[in-house]
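Asker: My questions will all concern the structure given below.
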Amino acid sequence: MRIFLLSGDYNGDRIYTLRAKEKQYLSKVLRLERGTVFTAKDRKENYYKAELIDDDTLTLDSTENPEETLLDGLSGYKGEFFPITMFISILKGKKNELVVKALTEMGVKKIVFVKTEFVQEKDFTVHQRERLESIVREAVQQSGAKSPILEGPIDFDKAIEEAPKNSMILHQSTRGRTLSLTSAVKNMDGEKEYGCFIGPEGGFSNSECEKAENRGFATVLLNTNILRAETAAIYTAASLQTLLQG
Numbered sequence: 519m520r521i522f523l524l525s526g527d528y529n530g531d532r533i534y535t536l537r538a539k540e541k542q543y544l545s546k547v548l549r550l551e552r553g554t555v556f557t558a559k560d561r562k563e564n565y566y567k568a569e570l571i572d573d574d575t576l577t578l579d580s581t582e583n584p585e586e587t588l589l590d591g592l593s594g595y596k597g598e599f600f601p602i603t604m605f606i607s608i609l610k611g612k613k614n615e616l617v618v619k620a621l622t623e624m625g626v627k628k629i630v631f632v633k634t635e636f637v638q639e640k641d642f643t644v645h646q647r648e649r650l651e652s653i654v655r656e657a658v659q660q661s662g663a664k665s666p667i668l669e670g671p672i673d674f675d676k677a678i679e680e681a682p683k684n685s686m687i688l689h690q691s692t693r694g695r696t697l698s699l700t701s702a703v704k705n706m707d708g709e710k711e712y713g714c715f716i717g718p719e720g721g722f723s724n725s726e727c728e729k730a731e732n733r734g735f736a737t738v739l740l741n742t743n744i745l746r747a748e749t750a751a752i753y754t755a756a757s758l759q760t761l762l763q764g
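One rule links them: number in the numbering used here = place in the sequence shown (from 1) + 518.
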């Protein structure tokens with residue numbers, strides 16, 4: 519279900535001034551006319567009945583029935599997604615954008631970028647960070663998802679310390695304690711948070727896998743063809759949600 523996402527600094531005022539990209543989205547993409555009423559929400563998941571007063575302005579009134587004024591009739595999942603944190607090694611170029619877009623639409627709770635041994639990029643530029651935030655916004659408006667928390671890049675050692683108890687790390691080769699994704703999920707003990715580590719193009723090093731295993735992570739080998747890092751992230755997140763929902 520398509521919902522208009524208000525800017526992150528929205529402070530609750532009834533009058534909302536549209537930014538340039540927002541005006542373009544409403545007028546050029548959705549082709550809305552003045553007087554159109556639709557559903558908007560803020561970053562705190564509060565919903566509003568929005569009315570387009572003129573090309574620059576909305577009025578916002580709180581609503582408990584956001585589905586009454588959706589921008590389209592597309593159905594959306596009404597239940598709760600399992601709280602999954604995806605720890606993603608920094609990828610090349612626009613692959614990071616592809617992953618963020620897909621994971622946002624899937625309802626992932628948090629996306630954390632990680633600096634690992636074989637990554638080729640160590641940080642994001644200001645422009646890249648702004649672009650990732652923009653991708654999240656666009657994906658939320660398209661899918662009706664909740665905005666995920668976007669963090670990092672952080673060092674691998676810090677990432678495994680902060681990861682949920684129920685975490686797994688994908689490795690590109692068979693290790694002594696390697697499990698399938700299905701087996702790893704079955705072995706989880708019912709905690710409410712789940713974590714998954716996806717390596718860069720060169721995969722995780724054996725040292726990184728050992729560190730994760732020593733903290734109780736499951737080492738997972740996907741029963742698939744060889745996947746690109748961005749494909750592995752999307753495939754695993756979707757599979758995890760499906761398996762956890764039973």
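The beta carbon of each residue, even a glycine, is placed where N, CA and C say it ideally should be.
Tell me ALA736's beta-bridge partners as DSSP assigns them.
Answerer: Beta-bridge pairing links ALA736 to MET686.
Asker: Starting from LYS619, trace the beta strand (DSSP E) in both directions and tell me its first and last residue.
Answerer: Here LYS619 belongs to no beta strand (DSSP E); instead the alpha helix (DSSP H) covers 613-623.
Asker: Rounded to whole angstroms, what's the CA-CA distance from ALA750 to LEU650? Just pull it up for me.
Answerer: If I take the Cα positions, the gap works out to 19 Å.
Asker: What do you reckon, are the CB atoms on GLY720 and PHE631 nearer than 7 Å?
Answerer: No, the Cβ-Cβ distance between GLY720 and PHE631 is not below 7 Å.
Asker: Report the option in ALA730, SER665, THR554, GLU748 whose CA atom is closest to the CA atom of LEU589.
Answerer: Nearest option by C-alpha distance: THR554.
Asker: Below 7 Å CB to CB, which residues in the same chain sit around ALA756 once its five sequence neighbours on both sides are set aside?
Answerer: Correct list, in chain order: MET624.
Asker: Applying the criterion that 16 or more other CB atoms from any shown protein chain within 10 Å of the CB defines a buried residue, is ASN614 buried or exposed?
Answerer: Classification of ASN614: buried, given that the 10 Å Cβ count is 16 or more.
Asker: Considering TYR565, what are the terminal residues of the beta strand (DSSP E) in which it resides?
Answerer: It spans 565-572 - the beta strand (DSSP E) in which TYR565 sits, taken as one unbroken run.
Asker: Leaving out five residues before and five after LYS640 in sequence, what residues of the same chain have Cβ atoms less than 8 Å from its Cβ?
Answerer: The answer, listed in chain order, is ILE608, LYS633, PRO671.
Asker: Using the three-state DSSP reduction, which class does ASP579 fall into: helix, strand or coil?
Answerer: If DSSP states are grouped into helix, strand and coil, ASP579 belongs with the strands.
Asker: Does the Cβ of ALA538 have 16 or more other Cβ atoms within 10 Å, making it buried, or fewer, making it exposed?
Answerer: Per the 10 Å Cβ criterion, exposed.
Asker: Please report the distance separating the alpha-carbon of GLU598 from that of SER725.
Answerer: Whole-angstrom Cα-Cα distance: 36 Å.
Asker: Let me know if ASP560 comes out buried or exposed under the rule of 16 or more other beta-carbons within 10 Å of its beta-carbon.
Answerer: Counting Cβ neighbours within 10 Å, ASP560 comes out buried, since at least 16 surround it.
Asker: Helix, strand or coil for GLU669, going by three-state DSSP, please let me know.
Answerer: GLU669: strand per DSSP, three-state reduction.
Asker: Looking only at its own chain, which residues have a Cβ that is under 8 Å from the Cβ of ASP572, when we skip the five neighbours before and after it?
Answerer: Only ARG552 meet the Cβ criterion.
Asker: Hey, PHE522 and ALA558 are a contact pair by Cβ (cut 8 Å); roughly how many whole angstroms apart?
Answerer: About 4 Å; that satisfies the 8 Å criterion.
Asker: So LEU697 and LEU740 are supposed to be a Cβ contact under 8 Å. How far apart are they, rounded?
Answerer: Contact doesn't hold; Cβ gap of about 11 Å is too wide.
Asker: Taking TYR534 and LEU524 to be in contact with their CB atoms under 8 Å, please state how far apart those CB atoms are, rounded to whole angstroms.
Answerer: About 7 Å separates the two Cβ atoms, so the contact holds.
Asker: Need the endpoints of the alpha helix (DSSP H) that ALA558 sits in, please.
Answerer: Where ALA558 is concerned, there is no enclosing alpha helix (DSSP H), although the beta strand (DSSP E) it sits in stretches over 555-559.
Asker: Once the 5 residues before and after SER665 are set aside, which same chain residues still bring their CB inside 7 Å of it?
Answerer: If we look at SER665 and ignore the five residues flanking it on each side, its Cβ neighbours are ARG561, VAL654, VAL658.
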